[in-house]
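Student: Input: one structure, supplied below.
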Amino acid sequence: MPGEFELIARYFHRDLSAAPGVLLGPGDDCALLAPSDGMQLAVSVDTSVAGVHFPPDAPASAIGHRALAVNLSDLAAMGATPRWALLALTLPDVDEDWLHGFAAGFHALADRHGIALVGGDVTRGPLSITITVHGELPLVLNAASTIDRVSQPILRRDGASEDDLVVITGQPGLAHAGLKAWQSGQRDVLDPCLAAYLRPEPRIDAGMALRELASAALDVSDGVMGDLSHICRASQLSAAIELNQLPLAPELIAALGEQGAQQAVLNGGDDYELLLTLPEANLDAARAVLRASHLSLTVIGRMHTTQEEVHRVSLLKAGVEQIATGQSWQHFPANTTAEVSS
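Counting in full-length UniProt numbering, the sequence shown runs from 1 upward without gaps.
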């Protein structure tokens with residue numbers, strides 16, 4: 001049976017001699033990285049646990065793709081350009097066929113986005129995957145050549161303003177339908193719902209393109225209601241979502257019905273689409289920059305102030321407020337709703 005270092009060399013070693021910014025790659029105690037001139041680092045880490053974040057019986061290549069994709073989605077939400085990744089893999093045993101598939105899925109997505117795997121670790125235990133991704137964003141200096149913390153060209157959660165539109169990329173909800181299909185025994189990986197769940201596409205290009213147009217952003221991992229509440233809390237605003245404006249894909253309605261499709265978008269999660277706010281004056285420009293990637297941008301609501309001390313996400317149907325049902329995913333659920341105390 002191959003040992004830890006042989007597994008790393010066999011499945012995860014790549015020639016990084018031409019990788020931008022990599023001064024020292026795998027093989028030492030640390031990797032040495034040099035950001036590009038005039039850039040700052042964006043760093044994010046996520047852990048994916050079998051049976052919690054992905055089905056343990058999913059194709060290994062899909063698990064490799066998905067584990068990296070959900071991390072890259074955080075970079076997309078900030079408008080960052082991906083550069084480097086670290087991988088810590090915990091395995092119950094050594095299955096080289098599984099490792100071959102996992103590595104193929106991971107590397108295919110990494111290569112597509114120009115990411116260098118600069119280090120990692122393999123250990124024994126219940127199947128889990130921890131990935132740290134590093135990206136770059138322009139660094140703005142003020143007249144004194146010191147960092148201007150206010151004017152950095154990044155997408156954050158706290159930048160929304162009153163009357164900003166709430167918009168979302170792509171077709172949210174499909175991944176939730178895909179998860180339900182997998183749980184019911186469906187295994188057609190070409191099904192659009194299953195594909196959305198097993199192989200989500202991080203919206204890297206969209207994040208970079210919208211960096212100068214949007215006021216706030218995050219990626220939808222836990223459902224629109226729960227994730228939009230984070231923007232509300234950070235921006236000290238409330239939001240209203242119009243149910244009739246939700247982008248419901250025909251495949252989603254066919255799988256779950258119209259009401260089920262709405263709930264999948266609002267509370268399903270696992271979409272990794274971008275949920276953004278932007279001034280209405282920027283909407284046409286935002287849609288124009290996404291046309292090249294054939295990615296839709298749908299207006300689903302608007303930000304507004306409130307006299308209450310609670311910043312909340314409300315649901316409207318033809319302008320009439322509805323009672324919200326369902327709850328977005330939380331690892332440690334409490335007695336919470338879509339309301340967020342300031």
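All C-beta atoms in this analysis are idealised placements derived from N, C-alpha and C, irrespective of residue type, glycine included.
Quick check: the Cα distance between glycine 64 and phenylalanine 106, rounded to an integer number of angstroms?
Tutor: 4 Å
Student: CA-CA distance, alanine 214 and glycine 170?
Tutor: 16 Å
Student: Between the alpha carbons of residue 343 and arginine 211, how many angstroms are there, rounded?
Tutor: For the chain, the structure presents residues 1 to 342; residue 343 sits outside this window and is missing.
Student: Note the first and the last residue of the continuous alpha helix (DSSP H) segment covering glutamine 259.
Tutor: 250-263
Student: Relative to the C-alpha of glutamate 308, which residue among Gln236, Pro126, Ala69 is closest?
Tutor: Nearest C-alpha to glutamate 308: Gln236.
Student: Pair every Cβ in the stretch 239-247 with every Cβ in the stretch 114-123, then say whether three or more of these pairs are closer than 8 Å.
Tutor: no
Student: Identify, in the order they occur along the chain, each residue of the same chain with its Cβ nearer than 6 Å to the Cβ of arginine 157, setting aside the five sequence neighbours on each side.
Tutor: Ala216, Leu218, His230, Ile231, Ala234
Student: Output the distance between the C-alpha atoms of proline 126 and proline 56, rounded to the nearest integer angstrom.
Tutor: So the alpha carbons of these two residues sit roughly 10 Å apart.
Student: Quick check: the Cα distance between tyrosine 11 and glutamine 245, rounded to an integer number of angstroms?
Tutor: 45 Å
Student: Specify the secondary structure class of alanine 163 as computed by DSSP and reduced to three states.
Tutor: Note on residue identity: the sequence assigns aspartate, not alanine, to residue 163. It is coil, neither helix nor strand.
Student: Assuming methionine 39 and proline 138 make a contact with CB atoms under 8 Å, what is their CB distance in whole Å?
Tutor: 6 Å
Student: Strictly under 9 Å for the Cβ-Cβ distance: is aspartate 93 near chain D by that measure?
Tutor: Protein chain content of the structure displayed is limited to a single chain, and chain D is not contained in it.
Student: Do serine 44 and valine 122 count as a contact pair if the criterion is CB distance below 9 Å?
Tutor: For valine 122 and serine 44, no; Cβs fall outside 9 Å.
Student: Any heavy atom of the ligand ATP closer than 8 Å to the beta-carbon of aspartate 271?
Tutor: The ligand ATP is not part of this structure, which contains no ligands at all.
Student: Can you tell me whether asparagine 267 is buried or exposed, with buried defined as 16 or more other CB within 10 angstroms of its CB?
Tutor: By the 10 Å Cβ count, asparagine 267 comes out buried.
Student: What are the boundary residues of the alpha helix (DSSP H) that glutamine 183 is part of?
Tutor: 174-183
Student: Which of the three DSSP states, helix, strand or coil, is assigned to serine 44?
Tutor: strand
Student: Span of the alpha helix (DSSP H) holding proline 192?
Tutor: DSSP places proline 192 inside the alpha helix (DSSP H), whose first and last residues are 192-198.
Student: Can you give, in chain order, each stretch of the beta strand (DSSP E) that sits fully within the UniProt domain "PurM-like N-terminal" (27-136) and has at least 3 residues?
Tutor: 39-49, 81-91, 116-124
Student: By Cβ distance, which residues of its chain are closer than 6 Å to proline 26, with the 5 residues on each side in sequence left out?
Tutor: Gly119
Student: Run the CB neighbour count on alanine 9, radius 10 Å, all protein chains shown included, and call it buried at 16 or more, exposed below.
Tutor: Label assigned to alanine 9: exposed.
Student: Of the choices Leu32, Arg66, Pro59, whose alpha-carbon is the least far from that of threonine 47?
Tutor: Answer by Cα proximity: Arg66.
Student: So for histidine 304, helix, strand or coil by DSSP?
Tutor: Histidine 304: strand per DSSP, three-state reduction.
Student: Could you say which of Ala206, Ala195, Pro20 lies nearest to alanine 58 if we only look at CA atoms?
Tutor: Ala195
Student: Pick from Gln262, Val166, Arg199, Asp37: whose alpha carbon is nearest that of aspartate 270?
Tutor: Distance check between aspartate 270 and each of Gln262, Val166, Arg199, Asp37 places Arg199 closest, using alpha-carbon atoms only.
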